[in-house]
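Numbering (my numbering), first residue to last: 216 to 479. Ideal Cβ positions, reconstructed from N, Cα and C, are used throughout, including at glycine.
If you want it as structure tokens, here you go:
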């Protein structure tokens with residue numbers, strides 16, 4: 216892991232932020248909140264701002280500047296409006312309008328894994344690589360879960376008419392089921408749609424699609440889980456999923472050929 220972290224530390228602001236998330240500090244030992252705040256302030260990167268604004272879910276420690284940067288870059292993203300409402304309940308009407316007008320729900324799932332995979336030295340033994348990928352996936356999942364909790368808590372039935380909440384939740388259900396980059400977002404969106412008055416058949420179809428997508432989780436070959444072929448297949452599958460979920464072209468992870476002479 217330390218070689219991968221060193222490669223990330225030598226990269227751009229997003230790569231360095233990824234290293235902070237994976238390590239818990241930056242290369243100099245500065246703790247995660249302070250390190251991410253510094254990177255967000257210097258980079259003006261929407262994903263770094265999103266990672267930095269993660270603490271805005273909680274009562275203390277929110278980086279308001281990072282949250283503002285994320286909103287400035289992605290005012291069409293329902294995820295940022297949910298977090299903004301959490302921090303600014305006194306501006307509820309504005310936040311509900313933002314949710315009602317959002318055209319996507321993006322938590323940039325796969326961005327952290329993409330950075331880790333791109334930075335991994337090619338000569339890391341195959342049997343070590345899946346553990347690193349799994350760790351990045353777990354760290355990223357922990358970052359995004361509060362967003363779904365906020366969405367579910369906001370759209371509690373019955374939804375009031377005429378207060379903006381119903382329109383916000385109806386659109387939130389739409390963008391989470393149809394225009395999200397997360398399987399859990401699609402499942403949550405279907406449940407919100409149910410609360411927002413969707414017909415039972417539409418809810419069922421949305422749940423079926425979300426569950427089918429979530430079930431397509433890439434796994435290692437059960438017979439030879441840590442063989443070169445198994446790991447290479449898993450890498451290719453993860454790269455395809457990551458590339459499909461990322462909006463910025465530069466985020467896609469280019470396939471890396473196996474080192475010459477490596478045993479199968």
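Is residue i helix, strand or coil when you go by DSSP?
| i | result |
| --- | --- |
| residue 420 | helix |
| residue 484 | Outside the displayed range of the chain (216 to 479) lies residue 484, so it cannot be described from this structure. |
| residue 284 | helix |
| residue 319 | strand |
| residue 395 | strand |
Please report how far the alpha carbon of residue i lies from the alpha carbon of residue j, in whole angstroms.
| i | j | result |
| --- | --- | --- |
| residue 328 | residue 305 | 36 Å |
| residue 270 | residue 249 | 11 Å |
| residue 353 | residue 237 | 10 Å |
| residue 478 | residue 337 | Bear in mind that the predicted position of residue 478 carries a pLDDT of just 35, short of 50, making it too unreliable to give a figure here. |
| residue 373 | residue 392 | 20 Å |
| residue 448 | residue 457 | 14 Å |
| residue 221 | residue 331 | 11 Å |
| residue 227 | residue 262 | 12 Å |
| residue 409 | residue 431 | 24 Å |
| residue 419 | residue 313 | 27 Å |
Determine, for residue i, whether the minimum Cβ-Cβ distance to residues of chain D falls below 9 Å.
| i | result |
| --- | --- |
| residue 277 | In the displayed structure, chain D is absent; only one protein chain is listed. |
Should residue i go down as buried or exposed, given a rule of 16 or more other Cβ atoms within 10 Å for buried?
| i | result |
| --- | --- |
| residue 454 | buried |
| residue 230 | buried |
| residue 239 | exposed |
| residue 246 | exposed |
| residue 416 | exposed |
| residue 404 | buried |
| residue 301 | buried |
| residue 287 | exposed |
| residue 244 | exposed |
| residue 451 | exposed |
| residue 357 | exposed |
Please indicate yes or no: does the CB of residue i lie closer than 8 Å to some heavy atom of the ligand PLP?
| i | result |
| --- | --- |
| residue 331 | Here there are no bound small molecules, and the ligand PLP is not part of this structure. |
Counting Cβ pairs, one atom from each stretch, are 3 or more of them under 8 Å apart for the stretch 361 to 381 and the stretch 338 to 348? no
Can at least three beta-carbon pairs, one atom from the stretch 375 to 386 and one from the stretch 275 to 290, be found at a separation below 8 Å? no
Touch check for the stretch 310 to 319 and the stretch 281 to 294: three-plus C-beta pairs under 8 Å? yes
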